[in-house]
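**Q** For reference, each letter of the sequence shown is one residue, going 44 to 420 in the working numbering. Please find one structure pasted underneath; my questions will follow.
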Amino acid sequence: MTYLPSFQLDIYFFAFIAFGLFVLIQLFYLFFIQVRLAYYSPTKKSAPSYMPVSIIIAARNESDNLYENLPIILSQDYPEFEVIVVNNQSIDDSSWLLTAFSRQFPNLRVVELGRSRHLRPGKKLPITLAIKAAKYEHFLLTDADCRPSSNQWIKQMASHFSSSKQIVIGYGPYSKSKGFLNRLIRFDTAWIGVSYFSMALAKLPYMGVGRNLAYTKPIFNSVNGFKSHYALPSGDDDLFIQEAAKKSNYTVNLDPTSYCYSAASPSWGRWIRQKSRHYSTSSRYKLIKKWLLGIYPLSLILMWASFVTLMFNGEYRLFSASIFFVILMLKWWIQGRCLSKLKEKSFIPYFLLWDLFYALIMPIIYYVTERQKLYRW
C-alpha cells in the first residue's frame with residue numbers, strides 16, 4: 044500500500060478535494076480567529092481609578108432570584124456604586140421584596156414599570172429607563188438570576204474602562220449540575236463564549252451577553268440606544284454591540300472573579316424558547332459575521348462526512364487519516380486552550396465529540412425554534 048494516492052479522477056478524488064477544502068477552512072478558524080483567545084494575555088493595567096458605576100438589572104417576576112442574588116450584588120467591594128432594578132410588570136412578590144431591600148441598602152434604587160398590554164416584550168425598555176434614571180455614566184448590566192463569582196465583580200469589570208475602552212465584554216457561564224441538558228447548555232454557552240471572545244479579539248465584535256456587559260452612557264447615546272432594533276424582543280446585547288463596538292473602543296474581560304453565574308434551564312422547552320429569542324436577531328447580523336458564524340459548523344460536518352467517505356477507499360485511507368489526525372490534534376490543542384481560558388476544562392477530554400455533536404444538533408434546534416416562533420421574555 045502506497046502512502047500517497049494516485050489522484051485519479053473518480054468520486055474519491057473529488058471527496059478528497061472537498062475534504063482538503065474543509066480542512067483548510069477549519070485551519071483558518073483555528074489560526075486566524077480562535078488562536079487569539081487560546082493565547083490571549085491581558086495587558087497589564089496601571090493602578091485603576093474606580094469611577095462610580097450604575098448596576099442595571101431588568102427583572103420580571105424574579106422575586107426568588109432577587110432574594111438570593113441581589114444582596115450579593117449590593118454588597119460588592121467597590122467604593123461608589125448604585126444598583127438600579129427595573130421591576131418590569133411583575134405580578135409576584137418583587138415589589139414588596141425590593142421595598143424591603145431598599146430600606147436595608149441605601150444604594151438600591153427601584154424603577155417600577157406597570158403592567159400594560161401595549162409594552163413590547165424584552166429588556167430594552169427597562170434598560171433604557173434605568174439608563175435615564177442612572178446617576179452615573181458607567182453602566183454594568185446583569186440579570187436577576189445572575190450571581191457574581193466574587194465580591195470583586197464590579198472592580199474587575201470597571202477596571203477595564205479607560206478613555207479609549209468604553210465597552211467591556213464579560214463572561215456569563217451557567218452553574219454545573221447533573222444531567223445531559225445541563226452539560227449541553229454549559230457547552231453551548233462556553234462555545235458561544237469562545238466564538239464571541241475570539242472574534243472580538245480578531246477585531247470582529249458581534250455580541251456580548253446581557254448577563255455581564257459594561258458600557259458608558261456616551262456609547263449608548265452614540266447609537267441612539269436600541270432604536271434601530273427596538274421592535275425585536277432581543278438584541279440588547281448582540282445587536283447593540285454590533286452597532287456600538289468599533290475596532291478600538293472595547294475590550295474583553297476573562298478574569299474568573301468577574302464571571303456572573305446563572306442556573307441553567309431545567310427543561311428542554313424553556314431552553315429552546317431561550318434559543319429562539321437569541322436566534323431572532325441573527326437576520327440582522329452583518330453579512331461577514333453571518334458567514335463566519337455559519338461556515339464553521341457546516342465545514343466541520345462536511346469535513347467529517349468527506350473523511351468517512353474516504354475511509355471506504357484503500358488508496359486514500361492512510362493519507363486522509365494522517366491529515367485528519369493532525370487537524371483533530373490541532374483542534375483539541377487550540378480549542379481546548381480556549382475552553383481552558385474560560386475555566387471550562389471539564390469539556391476538554393471529550394471536546395472533539397462535543398464539537399461534532401454540537402455542530403449536528405444546533406441546526407436541528409434552530410429549525411425547531413424557527414418553526415415555533417416563540418418570542419416570549
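Ideal placement from N, C-alpha and C gives every residue a C-beta, glycine not left out.
Mapping the DSSP letters down to three states, classify Arg158 as helix, strand or coil.
**A** Position 115 of the sequence shown, counted from the first residue, corresponds to residue 158. Looking at Arg158 - three-state DSSP - the assignment turns out to be coil, as it is neither helix nor strand.
**Q** For Leu330, count the other beta carbons within 10 Å of its own beta carbon; 16 or more makes it buried, fewer makes it exposed. Which is it?
**A** Translated into the one-based positions of the sequence shown, residue 330 becomes position 287. Burial call: exposed.
**Q** I need the DSSP call for Phe362, collapsed to helix, strand or coil.
**A** In the sequence shown, counting from the first residue as 1, residue 362 sits at position 319. Three-state result, Phe362: helix.
**Q** From Arg419 to Phe204, what distance separates their C-alpha atoms?
**A** Counting from 1 along the sequence shown, the entry for residue 419 is found at position 376. Counting from 1 along the sequence shown, the entry for residue 204 is found at position 161. Only weak support is given to the placement of Arg419: the predicted model assigns it a pLDDT of 45, under 50, and the value that follows is read from those uncertain coordinates. So the two alpha carbons sit approximately 33 Å from each other.
**Q** Please confirm if the segment 283-298 is in contact with the segment 235-255, defined as three or more CB-CB distances below 8 Å between the two stretches.
**A** The answer is yes - the segment 235-255 touches the segment 283-298, with three or more Cβ pairs under 8 Å.
**Q** Rounded to the nearest angstrom, what separates Asn225 and Ile408 at their Cα positions?
**A** As a first step, residue 225 must be located in the sequence shown, where it is residue number 182. As a first step, residue 408 must be located in the sequence shown, where it is residue number 365. In a straight line, the C-alpha of Asn225 is about 16 Å away from that of Ile408.
**Q** May I have the straight-line CA-CA distance separating Thr142 from Ile174, to the nearest angstrom?
**A** In the sequence shown, the residue the question calls residue 142 occupies position 99. In the sequence shown, the residue the question calls residue 174 occupies position 131. Their backbone Cα atoms lie some 20 Å apart in a straight line.
**Q** Between Ile404 and Glu155, what straight-line distance do the alpha-carbon atoms span, to the nearest angstrom?
**A** Here residue 404 corresponds to residue number 361 of the sequence shown, with the count starting at 1. Here residue 155 corresponds to residue number 112 of the sequence shown, with the count starting at 1. Just so you know, the alpha carbons of Ile404 and Glu155 end up roughly 40 Å apart.
**Q** Using CA coordinates, which residue listed in Leu151, Phe367 and Leu343 is at the minimum distance from Met354?
**A** Working through the sequence shown from its first residue, we reach residue 354 at position 311. Looking at the Cα atoms, Phe367 is the closest of the given residues.
**Q** Mind reading off the beta-carbon distance from Glu125 to Lys178? Whole number of angstroms is fine, and I expect it under 8 Å.
**A** Here residue 125 is taken as the residue at index 82 of the sequence shown, counted from 1. Here residue 178 is taken as the residue at index 135 of the sequence shown, counted from 1. The pair is a contact, with the Cβ atoms about 6 Å apart (cut-off 8 Å).
**Q** Taking Ile127 and Ala176 to be in contact with their CB atoms under 8 Å, please state how far apart those CB atoms are, rounded to whole angstroms.
**A** For the purposes of this step, residue 127 is taken as the residue at position 84 of the sequence shown. For the purposes of this step, residue 176 is taken as the residue at position 133 of the sequence shown. Confirmed, Cβ separation roughly 6 Å.
**Q** Please look up how many angstroms separate the CB atoms of Thr35 and His181, rounded, as I've assumed it's under 8 Å.
**A** Residue 35 cannot be examined here, being either before or after the span of the chain that is shown, 44 to 420.
**Q** Using 10 angstroms around the beta-carbon of Leu256, count the other beta-carbons present and answer buried if the total reaches 16, otherwise exposed.
**A** Numbered from its first residue, the sequence shown carries residue 256 at position 213. It counts as buried.
**Q** Rounding to the nearest angstrom, what Cα-Cα distance links Pro122 and Pro149 in this structure?
**A** Counted from its first residue, the sequence shown places residue 122 at position 79. Counted from its first residue, the sequence shown places residue 149 at position 106. Looking at the two C-alpha atoms, the distance is approximately 14 Å.
**Q** Threshold first: 3 residues or longer. Then list the beta strand (DSSP E) segments lying entirely within the segment 226-261, N to C.
**A** 256-259
**Q** Would you grab the beta carbon distance between Phe71 and Tyr359 for me? Rounded to a whole angstrom, and I think it's under 8 Å.
**A** Along the sequence shown, read from residue 1 onward, the residue named residue 71 stands at position 28. Along the sequence shown, read from residue 1 onward, the residue named residue 359 stands at position 316. No, Phe71 and Tyr359 are not in contact; Cβ-Cβ is about 23 Å, not under 8 Å.
**Q** Does the beta-carbon of Leu184 have 16 or more other beta-carbons within 10 angstroms, so that it is buried, or is it exposed?
**A** Within the sequence shown, the letter at position 141 stands for residue 184. The residue is buried, with at least 16 neighbouring Cβ atoms inside 10 Å.
**Q** Whose C-beta lies closer than 6 Å to the C-beta of Ala101 among residues of the same chain, with five residues either side of it excluded?
**A** Indexing the sequence shown from 1 puts residue 101 at position 58. Excluding its 5 nearest sequence neighbours in each direction, Ala101 has C-beta neighbours in its own chain below 6 Å: Val129, Asn131, Lys166, Pro169 and Ile170, listed in chain order.
**Q** Under DSSP, the beta strand (DSSP E) around Ser138 begins and ends at which residues?
**A** For the purposes of this step, residue 138 is taken as the residue at position 95 of the sequence shown. No beta strand (DSSP E) contains Ser138, which is instead part of the alpha helix (DSSP H) from Ser137 to Gln147.
**Q** Determine the contact status of Ser277 and Ser323, defining contact as a CB-CB distance below 8 Å.
**A** What you label residue 277 is simply residue 234 of the sequence shown in a count that begins at 1. What you label residue 323 is simply residue 280 of the sequence shown in a count that begins at 1. Yes, they are a contact pair.
**Q** What three-state label does DSSP hand His181 in the structure shown?
**A** Position 138 of the sequence shown, counting from 1, holds the residue named residue 181. Three-state DSSP puts His181 in a strand.
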